[in-house]
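Chains as they are written, first to last, in my numbering: chain A, 1 to 157; chain B, 158 to 596.
Report on the structure given below.
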């Protein structure tokens with residue numbers, strides 16, 4: 001499947017998801033995501049030659065995820081995966097076989113985050129957990145980076 | 158690690174979403190912000206992994222023309238860099254050069270990617286050590302970037318650094334490489350004629366002249382070292398280009414011919430003598446000075462930049478200096494000694510008085526002083542002055558006089574004379590050794 005066909009398929013899937021959601025939840029909360037998928041598709045078409053295309057796609061995709069997530073966080077997650085898929089095809093990212101575990105870890109992480117948000121009653125606790133986890137990951141990365149640079153700059157580790 | 162513009166925008170968006178979620182206690186916004194944060198961290202980890210792959214795949218082999226040189230000598234360095242560039246990444250590799258050396262010419266960096274696979278690139282350049290002592294080449298600087306992140310690392314560990322270069326100090330009592338011997342100078346190259354200066358030391362090979370063995374270095378390093386002496390070469394011509402004033406009605410044909418003649422002579426000098434010195438003036442204004450320029454491209458760039466009529470800050474008009482006035486007084490004295498008529502004698506006496514008054518007031522021109530200081534920086538035995546010959550040429554006469562004082566031959570090149578006497582200044586008054594048309 002070519003990259004061009006892949007992103008069109010994902011866009012069609014996004015449309016199908018929001019239409020199905022609108023069928024189950026008739027009303028403004030169901031129809032607005034349909035409009036936002038159209039906006040996302042227009043952004044996708046308009047920014048074909050723009051240098052920082054990813055940024056504009058993420059911005060329009062974020063609005064879609066926020067509005068869909070207001071109705072159901074799981075729907076928001078599915079749409080977020082689809083937006084990521086479109087962006088990945090735009091960036092011509094090919095996931096090799098040996099990177100599939102990393103992809104699974106990323107999917108699991110997003111599932112865990114969504115589950116945590118679904119279970120929490122207020123923002124504060126998941127926000128603290130998220131910031132704590134992100135800070136820990138960045139700290140570990142910084143230490144690894146420091147050790148790596150030290151090793152290659154000729155110093156003893 | 159540096160965030161690129163797109164990533165900065167995404168990070169700002171994530172922060173705004175988190176703030177919004179916190180203030181409004183909105184779970185949907187938190188979901189969007191959390192997924193965005195997750196994506197950013199994922200991209201960072203992915204970039205870091207690929208960056209490590211690049212560094213692990215990098216290999217450097219560096220070879221020097223010589224490992225022992227004298228301070229100020231030039232030697233060639235060849236560095237072969239092998240590196241694998243993953244898809245989506247772009248890398249730049251540049252030599253991390255020690256501050257003790259100056260790069261003369263050549264390529265010291267290259268860029269590859271994205272997705273070019275394994276790249277093998279050879280960097281060839283020439284360096285001149287400016288400080289004596291022993292130092293190793295510090296390694297390379299590797300910069301990598303993708304759409305979202307950019308970073309660089311200095312690779313100075315064992316496989317990337319070295320070899321060591323041993324720079325001998327210039328002898329305390331040595332005159333340096335600019336020693337002149339009968340219109341020749343020493344060059345940092347081997348030549349048929351051997352100079353007195355030592356350009357390099359190298360290990361002894363069977364068949365080398367035993368007289369060239371440097372016993373002090375041999376004793377110090379416990380290896381036999383021989384001296385390589387500098388070669389001798391003739392001096393290149395020094396070019397002076399007198400650019401016309403913007404107000405002159407310049408003949409385009411003549412000007413183009415002058416430009417072609419200057420460029421041709423400069424190119425000839427660089428190819429045959431390794432360098433050329435060019436002084437660009439316009440009347441009594443010094444515009445630019447290229448001292449011993451070795452790079453032909455840079456020389457031509459400078460010439461292209463300056464070769465056009467320019468505005469003059471100072472103008473001269475039939476400027477006589479003290480020696481001219483002295484010559485005038487001597488000529489008047491000779492005529493007066495022949496007892497001319499009373500009217501002529503009165504006139505000549507008045508003229509002599511004026512000349513004497515002028516002589517007392519006359520000071521050396523600032524332009525002449527600048528020219529003397531400029532020419533003092535270089536070694537030349539021939540000067541070529543290119544001029545269109547428009548307007549007053551007192552400044553050329555000043556140049557010629559100073560050059561002749563320094564025993565330098567002066568050749569003036571003017572445009573072709575359309576008809577006899579079309580040059581505004583009589584040739585003889587310029588005082589040059591030769592005056593020729595450049596076309």
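Glycine included, each C-beta is placed from N, C-alpha and C at the ideal position.
What number of angstroms, rounded off, separates the C-alpha of residue 409/B from the C-alpha of residue 55/A?
55 Å
Only counting the same chain, and skipping five residues up and downstream in sequence, which positions put a Cβ closer than 8 Å to that of residue 257/B?
286, 287, 288, 290, 292, 324
CA-to-CA distance, residue 416/B to residue 571/B, given in whole angstroms:
12 Å
Spatial neighbours of residue 333/B within its chain, please: CB distance less than 6 Å, with the 5 preceding and 5 following residues excluded, ordered by chain position.
Residue placement at residue 333/B cannot be trusted, given a pLDDT of 43 that sits under 50; what the coordinates show is reported in the next sentence. Hits under 6 Å: none found.
Using only the alpha-carbon positions, how far apart do residue 32/A and residue 17/A sit?
13 Å
What does DSSP give as the partner residue(s) for residue 262/B in the beta ladder?
Looking at the DSSP output, residue 262/B bridges to 283/B.
Helix, strand or coil for residue 395/B? Go by DSSP, reduced to three states.
strand
What residues match up with residue 237/B in a beta bridge as DSSP calls it?
218/B, 279/B
Here's the rule: buried if 16 or more other CB atoms are within 10 angstroms of the residue's CB, otherwise exposed. What is residue 498/B?
exposed
Could you tell me whether the Cβ of residue 185/B comes closer than 7 Å to any Cβ of chain A?
yes
Please classify residue 400/B as buried or exposed, where buried requires at least 16 neighbouring CB atoms within 10 angstroms.
buried
Kindly say whether residue 7/A, judged by its beta-carbon, lies nearer than 7 Å to any beta-carbon of chain B.
no
C-beta contact flag for residue 528/B and residue 419/B at 7 Å:
no
Would you call residue 425/B buried or exposed, if buried means 16 or more other Cβ atoms sit within 10 Å of its Cβ?
exposed
Start and end of the beta strand (DSSP E) containing residue 100/B?
This structure leaves residue 100/B out entirely; chain B is present only between 158 and 596.
C-beta contact flag for residue 7/A and residue 86/A at 7 Å
In contact: residue 7/A and residue 86/A (Cβ atoms closer than 7 Å).
Of the residues that make up the segment 308–320 of chain B, which ones have a beta carbon closer than 9 Å to any beta carbon in chain A?
308, 310, 311, 312, 313, 314, 315, 317, 318
Let's see if you can read the secondary structure: which residues bound the alpha helix (DSSP H) around residue 75/A?
Note, residue 75/A: alpha helix (DSSP H), 73–90.
In the DSSP output, which residue or residues are listed as bridge partners for residue 159/B?
307/B
Which listed residue (237/B, 191/B, 451/B) has its alpha carbon closest to that of residue 423/B
451/B
Looking at chain B, which residues of the segment 50–64 of chain A have a Cβ within less than 7 Å of any of its Cβ atoms?
52, 54, 55, 58, 59, 62
I'd like to know if residue 198/B contacts chain A, where contact means its C-beta is closer than 7 Å to some C-beta of that chain.
yes
Helix, strand or coil, according to DSSP, for residue 508/B in the structure here?
The three-state reading of DSSP puts residue 508/B in helix, counting H, G and I together.
Grab me the residues of residue 557/B's own chain with a C-beta within less than 7 Å of its C-beta, minus the 5 sequence neighbours each way, in chain order.
Closer than 7 Å at Cβ, skipping near neighbours: 567, 587, 588, 589.
Taking the C-alpha atoms as reference points, what is the distance between residue 60/A and residue 294/B?
51 Å
Residue 593/B and residue 394/B closer than 7 Å at C-beta
no
Going by the beta-carbon positions, is the gap between residue 492/B and residue 512/B smaller than 7 Å?
no
What are the partner residues of residue 300/B, as DSSP defines its beta bridges?
249/B, 309/B, per the DSSP bridge assignment.
Minimum C-alpha distance to residue 199/B - residue among 164/B, 228/B, 186/B:
Of the candidates 164/B, 228/B, 186/B, the one whose C-alpha sits nearest the C-alpha of residue 199/B is 164/B.
Might you give, ordered along the chain, the residues of its own chain that have their beta carbon closer than 6 Å to the beta carbon of residue 279/B, omitting 5 neighbours on each side?
Residues of the same chain with a CB within less than 6 Å of the CB of residue 279/B, apart from the 5 flanking positions on each side, are 237 in chain order.
Pick helix, strand or coil for residue 334/B, following the three-state DSSP scheme.
Because the pLDDT of residue 334/B is 44, which lies under 50, any placement of that residue in the model is unreliable, and the number read from its coordinates should be weighed accordingly. Residue state, collapsed to three classes: coil.
If contacts are defined as beta-carbon pairs under 8 Å, then residue 232/B and residue 320/B qualify, I think. What distance do you get, rounded to the angstrom?
Actually they do not touch by this definition, with Cβ atoms about 12 Å apart.
Do the CB positions of residue 397/B and residue 442/B come within less than 7 Å of each other?
no
What is the rounded straight-line gap between the Cα of residue 402/B and the Cα of residue 506/B?
38 Å
With DSSP as the reference, identify every bridge partner of residue 385/B, one or two as the case may be.
357/B
Helix, strand or coil for residue 495/B? Go by DSSP, reduced to three states.
coil
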